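Report on the structure given below.
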Ligand SMILES: C[S@@+](CC[C@H](N)C(=O)[O-])C[C@H]1O[C@@H](n2cnc3c(N)ncnc32)[C@H](O)[C@@H]1O
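Take a look at the structure:
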């Protein structure tokens, strides 16, 4: 399936794009957001990051048709600051992160992200990395599996599922997503299997987060993004589940706190120190009804935006 960019209008508007500005898209995907940024630049420049080679190749074709004012960097967005500094870019006007798996990644049976296809256990966004879902499922200890399923999948039956995985892999390695779905189903009580939604959804989410180190990467990238902003520069981040949104919310909230002052020393109104950053939207932005009607992926999307003063 083609990738439909989520919260496209809202996120592009929120960046307040200047035609001569320097912008960064940390998650190029299929260049949905990047195309919109690039269209708005005249003398400005756009730097795009992705770890997926296919995303880079496909997006390059799309962006080339718009203008030459862009550079694609194949790197994890945790290195956004280092890689831009290496290119002589110290500060930027705007940064966008649209976190998660793209539809083409999810819908490609070869990539092993989906429980809808029976494929090799993979789930790597960066296909050159060595850790994949096969290793996690076949090599992680019981306690580690429980931790992942519980913390990243919020799976109530983490222990039961981890026990079933352990039992099965002593007989033979677990090779495919189909096998894993059957093992998960065998560990869940009948009343849970009868519930709405796929029984492997939470476990697959947990595995994907572990394989791609998604939460830790998001935390690092958000902090680096804030450091990179010029005064009046903005950072917009779209997330798709509560664990991710909590990370962004906390970092943005702390950045927008005024510096601590000695309460015993009275200050005039104009002497009170201001925070270095301010939240652009106090309340999180979610998809409009129109977007929700067209794209189910937008349901859990949340956009937060911050500006450097
Ligand atoms: C949801 S898609 C972005 C879609 C894009 N905004 C669009 O409109 O086409 C997320 C993309 O970010 C990439 N990605 C995920 N984690 C990454 C990371 N740590 N560093 C760089 N790219 C990453 C994925 O490979 C995927 O292509």
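Residue numbers (the numbering used here): 80 to 388.
C-beta atoms are modelled at their ideal positions from N, C-alpha and C, and glycine is treated no differently.
Keep in mind it's a predicted model, so treat the numbers as computed, not measured.
- Task: Quick one: give me the first and last residue of the beta strand (DSSP E) that residue 301 is part of.
- Result: Taken as a continuous stretch (DSSP letters only), residue 301 belongs to no beta strand (DSSP E), being part of the alpha helix (DSSP H) at 293-307.
- Item | Check whether residue 239 and residue 266 have beta carbons under 7 angstroms apart | With a cutoff of 7 angstroms on beta-carbon distance, residue 239 and residue 266 are scored as near each other.
- Query: For residue 376, which residues from the same chain have a beta carbon less than 8 angstroms from its beta carbon, with the 5 sequence-adjacent residues on both sides left out?
  - Reply: 83, 85, 182 and 319
- Message: For a test of your reading of the model: does the CB of residue 92 fall under 6 angstroms from any non-hydrogen atom of ligand 1? Yes or no.
- Response: Flag unset: Cβ of residue 92 not near ligand 1.
- Sequence-distant residues of its chain with Cβ nearer than 8 angstroms to residue 93 (five each side left out): 313, 315, 359, 360, 364, 382 and 384
- Query: If you count every other CB in all the chains shown that lies within 10 Å of the CB of residue 171, and 16 or more means buried, which is it?
  - Reply: buried
- Task: Would you check if the segment 118-129 and the segment 337-357 touch, i.e. whether three or more CB-CB distances between them fall below 8 angstroms?
- Result: no
- Message: Measuring straight from C-alpha to C-alpha, what distance separates residue 371 and residue 379?
- Response: Distance between the alpha carbons of residue 371 and residue 379 is about 10 angstroms.
- Item | Closer than 6 angstroms: residue 84 CB and nearest ligand 1 heavy atom | yes
- Have a look at residue 131 and residue 204 and give me their C-alpha separation to the nearest angstrom. 6 angstroms
- Task: Would you kindly report the start and end of the unbroken beta strand (DSSP E) that includes residue 173?
- Result: 171-177
- Residue of 282, 96, 129 and 105 minimising C-alpha distance to residue 115: 96
- Item | Beta-carbon proximity of residue 271 to residue 194, cut-off 7 angstroms | no
- Would you check if the distance between the CB atom of residue 90 and the CB atom of residue 104 is smaller than 7 angstroms? no
- Can residue 135 and residue 160 be called in contact, C-beta distance under 7 angstroms? no
- Task: Answer yes or no: do residue 243 and residue 262 have a C-beta to C-beta separation smaller than 7 angstroms?
- Result: yes
- Between residue 288 and the rest of its own chain, which residues show a CB-CB distance below 7 angstroms, the 5 nearest in sequence each way excluded? 231 and 294
- Grab me the residues of residue 157's own chain with a C-beta within less than 6 angstroms of its C-beta, minus the 5 sequence neighbours each way, in chain order. 296, 299 and 300
- Query: Where does the unbroken alpha helix (DSSP H) through residue 392 begin, and where does it stop?
  - Reply: The shown model of the chain, from 80 to 388, leaves out residue 392, and the question about it has no answer.
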